[in-house]
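Scroll down for the structure; my scribbles are underneath it.
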Amino acid sequence: MAGVGGGVAGGIVMGALMLVMNDAVIAVAIPSLYFLAPPATVPVGMAVHVFHGAVLGLAFAGLAGVLGVESTGSVVGLGLVWGVVIWVVLAGLLMPVWLSAVGSPASPPVPNFAPPSLLWHAVYGLVLGGVYGVLRDGTDSSH
Numbered sequence: 001m002a003g004v005g006g007g008v009a010g011g012i013v014m015g016a017l018m019l020v021m022n023d024a025v026i027a028v029a030i031p032s033l034y035f036l037a038p039p040a041t042v043p044v045g046m047a048v049h050v051f052h053g054a055v056l057g058l059a060f061a062g063l064a065g066v067l068g069v070e071s072t073g074s075v076v077g078l079g080l081v082w083g084v085v086i087w088v089v090l091a092g093l094l095m096p097v098w099l100s101a102v103g104s105p106a107s108p109p110v111p112n113f114a115p116p117s118l119l120w121h122a123v124y125g126l127v128l129g130g131v132y133g134v135l136r137d138g139t140d141s142s143h
């Protein structure tokens, strides 16, 4: 549950940053992944984005467990690395290919290593790691 909670929190914070900096990503690109846009729809985009955050948070929790990451600082650091890896693999490579394949009007170039997206994913990872650490420590007395 700590991974899902951290992922949801990270997804919400990242989504808020995206809305402020480039709302078309949330309103068009994210929903387009599942043929849910156009028309532009921020609520659907946020829902999909937060769901992605939760799933990736669950995967993060598995990785943290396998690696035996214990300290809060290490969990937050791993979250940052996780965010950057997601940026490279999912946002930078897979998402642009998929958006082009489904004919999205928001298809970015391949690869799409946009600096704002790096910031968003780094923030996602930091929030994920921080919230995961707090939730994990609150439910497991061994930490």
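In this text, residue positions in the sequence shown follow UniProt numbering: the first is 1, and each later residue adds one.
Quick reminder that beta carbons are idealized off the backbone N, C-alpha and C, glycines included.
This one's a predicted model, so the numbers in the text were calculated from it and none came from an experiment.
Check: residue i C-beta below 6 Å from any heavy atom of the ligand ZN
i	result
valine 97	Inclusion of the ligand ZN in the displayed structure is not the case, the ligand content being empty and no account of it being possible.
Nonlocal neighbours in the same chain, by C-beta distance under 8 Å from residue i, ignoring five residues either side
i	result
valine 81	Gly125
alanine 24	Ala40 and Ala106
residue 144	No statement about residue 144 is possible, as the shown extent of the chain runs from 1 to 143 and does not include it.
glycine 65	none
leucine 135	Met1, Ala2, Gly5 and Gly6
glycine 77	Gly129
Cβ-based burial, residue i [other Cβ within 10 Å; buried from 16]
i	result
proline 111	exposed
leucine 67	exposed
threonine 35	Correcting the residue type first, residue 35 is phenylalanine in the shown sequence and not threonine. So phenylalanine 35 ends up on the exposed side.
methionine 21	exposed
glycine 10	buried
valine 102	exposed
alanine 61	buried
valine 28	buried
serine 100	exposed
Same chain, Cβ closer than 7 Å to residue i, neighbours up to 5 away in sequence not counted
i	result
proline 31	Ala37, Thr41, Val44, Gly45 and Val48
glycine 15	Ile26, Met46, His49 and Val50
leucine 17	Trp120 and Val123
valine 75	Ala64, Val69, Gly129, Tyr132 and Gly133
6 Å CB neighbourhood of residue i in its chain, flanking five on each side removed
i	result
glycine 6	Gly57, Leu128, Val131 and Tyr132
glycine 92	Pro111, Asn112 and Phe113
alanine 54	Val4, Gly7 and Val8
Whole-Å CB distance - residue i paired with residue j, under 8 Å assumed
i	j	result
leucine 118	tryptophan 87	5 Å
histidine 121	glycine 83	4 Å
> Which parts of the region 49-112 are runs of the alpha helix (DSSP H), unbroken and 4 residues or longer, counting only runs that do not cross its ends?
Replying inline: 72-86 and 95-101
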